[in-house]
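In our numbering, the protein residues as written are 30 to 299.
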């Protein structure tokens, strides 16, 4: 019986457990990378809408004639000084780090064009040079550029961490594994900076509504009504916070893996 056990052990050695340990480390890393990249690249960080009761009250107080269109989804400001076929429209919008887009379907835009909806791009790129920078104000423009910079650094660090981590695991380099943990911590930190900047940007804008988000056409007729806007965070922002938590967890796991590889070479085998 003892001879059979020795023979079976030699011919069929037990499968080392580190493979399962390493797979458990890879899951948080993959999920955090996917969540942060998806959050940064999608355009649903915030939604701009118009509160109907507040808008009606402000319109009555300022003697502004408004017309509700598309089942009260869009508001047109009737201005006698505007030429026929033009006008100012208050529309819902959704935006991300890079762009702010009108939340309307192509069919709805074609219907609005009959009421004078201007023919212009439905998305505004924050990186493009134009007159929109002057409308946004210096504070919001600087905060938007800062959030873009932090998001770019986060993406670069995530890609670099994936490459360094793969090298460290394949070549059994403890220092590379430790650096990967630090890089995931940096990626989560810059992602957190991006999320906080978005919150701070809108907190300042809500006090002094100087930007033209949610307004299509001449901006001056809409100035008395801007306080009726509502800025709500959306699923991309929540996805980003989840990615920050997982990136921090992945960082701790990579650092733990480096300790395992240093003090227990058997468990450090991949």
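Note that CB positions come from ideal geometry on N, CA and C, so glycine has one too.
Point to revise | Reduced DSSP category for residue 144 - H, G, I as helix; E, B as strand; rest coil | key: Residue 144 sits at position 115 when you count from the first residue of the chain shown. DSSP places residue 144 in coil when its eight states are reduced to three.
Review point. Pick from 129, 207, 191 and 135: whose alpha carbon is nearest that of residue 173?
Key: Here residue 173 corresponds to residue number 144 of the chain shown, with the count starting at 1. Nearest C-alpha to residue 173: 129.
Check your understanding: Where does residue 273 fall in DSSP's three states?
Key -> Here residue 273 refers to the residue found at position 244 of the chain shown. Helix.
Review point. So, residue 146 versus residue 182, is the Cβ gap smaller than 7 Å?
Key: Within the chain shown, numbered from 1, the residue matching residue 146 stands at position 117. Within the chain shown, numbered from 1, the residue matching residue 182 stands at position 153. Result no, Cβ atoms of residue 146 and residue 182 do not sit closer than 7 Å.
Review point. In the structure shown, what three-state DSSP assignment does residue 128 receive?
Key: Numbered from its first residue, the chain shown carries residue 128 at position 99. If DSSP states are grouped into helix, strand and coil, residue 128 belongs with the strands.
Practice item. Name the two residues that bound the continuous beta strand (DSSP E) containing residue 254. Key: Along the chain shown, read from residue 1 onward, the residue named residue 254 stands at position 225. First-last for residue 254: undefined, no H or E at that position.
Point to revise | Identified DSSP bridge partners for residue 78 | key: For the purposes of this step, residue 78 is identified with residue 49 of the chain shown, where counting begins at 1. BP columns for residue 78 point to 259.
Point to revise | Local Cβ density within 10 Å of residue 258, reported as buried at 16 or more and exposed below that | key: Counting from one through the chain shown, the residue named residue 258 turns up at place 229. So residue 258 ends up on the buried side.
Review point. Given 8 Å as the limit, is there contact between the segment 257–274 and the segment 89–98, that is, 3 or more CB pairs closer than that?
Key: Note that the segment 257–274 does not touch the segment 89–98; fewer than 3 beta-carbon pairs, one per stretch, sit closer than 8 Å.
Review point. Where does residue 134 fall in DSSP's three states?
Key: By one-based count along the chain shown, residue 134 stands at place 105. Three-state DSSP puts residue 134 in coil, outside helix and strand.
Check your understanding: How big is the Cα-Cα spacing for residue 194 and residue 269?
Key -> Start at 1 with the first residue of the chain shown, and residue 194 comes out as number 165. Start at 1 with the first residue of the chain shown, and residue 269 comes out as number 240. So the two alpha carbons sit approximately 22 Å from each other.
**Study point:** residue 267, DSSP secondary structure in three states
**Key:** Sequence index remark: in the chain shown, residue 267 carries index 238 (1-based). Residue 267: helix per DSSP, three-state reduction.
Review point. If you count every other CB in all the chains shown that lies within 10 Å of the CB of residue 80, and 16 or more means buried, which is it?
Key: What you label residue 80 is simply residue 51 of the chain shown in a count that begins at 1. So residue 80 ends up on the exposed side.
**Study point:** Residues that DSSP places opposite residue 107 in a beta bridge
**Key:** Taking the first residue of the chain shown as 1, we reach residue 107 at position 78. Answer is 94.
Review point. Three or more beta-carbon pairs under 8 Å between the segment 114–126 and the segment 71–79, yes or no?
Key: yes
Practice item. Rank 144, 74, 210 and 200 by C-alpha distance to the C-alpha of residue 284 and give the top, closest one. Key: Against the chain shown, residue 284 aligns to sequence position 255. The shortest Cα separation from residue 284 among 144, 74, 210 and 200 belongs to 210.
Practice item. Hey, could you find the ends of the beta strand (DSSP E) residue 153 is sitting in? Key: Here residue 153 refers to the residue found at position 124 when the chain shown is read from its first residue. Start and end: 152–154.
Exercise for review: Please confirm if residue 199 has its CB atom under 7 Å from at least one CB of chain D.
Suggested key: The structure shown contains no chain D; it holds only a single protein chain.
Check your understanding: Based on Cα-Cα distance, which residue from 199, 190 and 227 lies nearest to residue 59?
Key -> Within the chain shown, the letter at position 30 stands for residue 59. Among 199, 190 and 227, the Cα nearest to that of residue 59 is on 190.
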